Amino acid sequence: MPDHETPDHAFGECQREAIYRNILQRRDVRGQFLPDPVPEDVLARILTAAHFAPSVGFMQPWSFVVVRDPGVKGRVHEAFTRANAEAAGMFEGERRRLYQGLKLEGILESPVNLCITCDPERAGPVVIGRTHDPAMDLYSVVCAVENLWLAARSEGLGVGWVSILRPSELRGILGLPERVVPVAYLCIGRVSEFKGRPELESAGWRERLPVTDLVHFDTWGGESAGAGDEELLKALRACQASAEKGEVPL
């Protein structure tokens with residue numbers, strides 16, 4: 182290869198389109214689960230995708246607790262119900278009424294529940310890249326969650342993250358060691374449909390923010406400094422407009 186040529190490591194257009202479409206069509210699923218079992222080879226693939234996430238110091242701090250026992254699911258659901266009642270009381274008036282009308286989990290309906298955890302001691306007390314930010318292992322686990330979520334969407338599986346749980350209760354139900362942190366409790370399964378928009382957006386809970394309001398230049402609150410910045414903002418508006426219509430912005 183001549184010195185002046187830059188290697189093109191980009192995927193082909195069809196592959197790129199599939200990746201972006203996957204990202205845009207990923208949804209947090211709550212109420213559309215079907216009882217169909219998840220095939221073991223499919224479950225193996227999405228768990229492997231999670232395991233190939235990036236991790237600080239290559240410590241791979243995650244573990245996966247696969248929950249299919251109805252009794253365990255039932256105890257988790259009871260814990261959710263208690264926490265959800267407490268959460269509803271934190272809102273007032275119309276906001277509380279709207280909250281109480283939302284379905285925020287699919288614990289009993291989904292054939293597979295999965296708890297993804299973080300073991301901060303997995304690679305010893307000193308970890309490359311975690312020396313000055315001890316939360317980096319948790320961020321690594323969240324990368325594993327996103328890997329699994331996107332892999333599941335590509336397999337036609339829905340995933341719902343149940344965050345309205347007390348970690349201490351979840352640790353007790355699942356028998357997690359004290360040092361192990363439950364990061365994500367996920368409901369996984371085939372679904373009747375994937376909604377066109379996030380459910381909280383459709384319900385009027387919140388709207389998607391303009392991405393241009395979230396981009397700063399050089400410093401927080403920094404204004405556009407030149408033509409290149411303006412071109413980026415213009416491209417961002419066009420990309421979000423396409424994405425809002427369900428179109429892949431290629």
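Heads up: take any position in the sequence shown, counting from 1, add 181, and you land on the working numbering. Don't be surprised by glycine CBs; every beta carbon is placed ideally from N, CA and C. Computed from a predicted structure; not experimentally measured.
Check                                                                                                                                                                                : Outcome
Can you tell me whether DSSP reads Val-247 as helix, strand or coil?                                                                                                                 : strand
Does the Cβ of Gln-213 have 16 or more other Cβ atoms within 10 Å, making it buried, or fewer, making it exposed?                                                                    : buried
Quick one: is Gly-370 buried, meaning 16 or more other Cβ sit within 10 Å of its Cβ, or exposed?                                                                                     : buried
Should Glu-290 be labelled buried (16 or more other beta-carbon atoms within 10 Å of its own) or exposed?                                                                            : buried
With H, G and I counted as helix, E and B as strand and the rest as coil, what does DSSP make of Gly-370?                                                                            : strand
Could you name each continuous alpha helix (DSSP H) segment of 4 residues or more that falls completely within the stretch 341 to 410, going from the start of the chain to the end? : 348 to 355 and 380 to 383
Pairs of beta-carbons, one from the stretch 333 to 345 and one from the stretch 356 to 371, closer than 8 Å: are there three or more?                                                : yes
Leaving out five residues on either side along the sequence, give the residues of the same chain with a beta carbon under 6 Å from the beta carbon of Leu-319.                       : Cys-299
Go ahead and pull the three-state DSSP assignment for Gly-339.                                                                                                                       : strand
Smallest Cα separation from Val-293: which of Gly-377, Gly-403 and Val-246?                                                                                                          : Val-246
According to DSSP, simplified to helix, strand and coil, what is Tyr-201?                                                                                                            : helix
Buried or exposed, going by whether 16 or more other CB atoms sit within 10 Å of the CB of Glu-485?                                                                                  : Beyond the ends of the chain as shown, which are 182 and 431, falls residue 485; an answer cannot be given.
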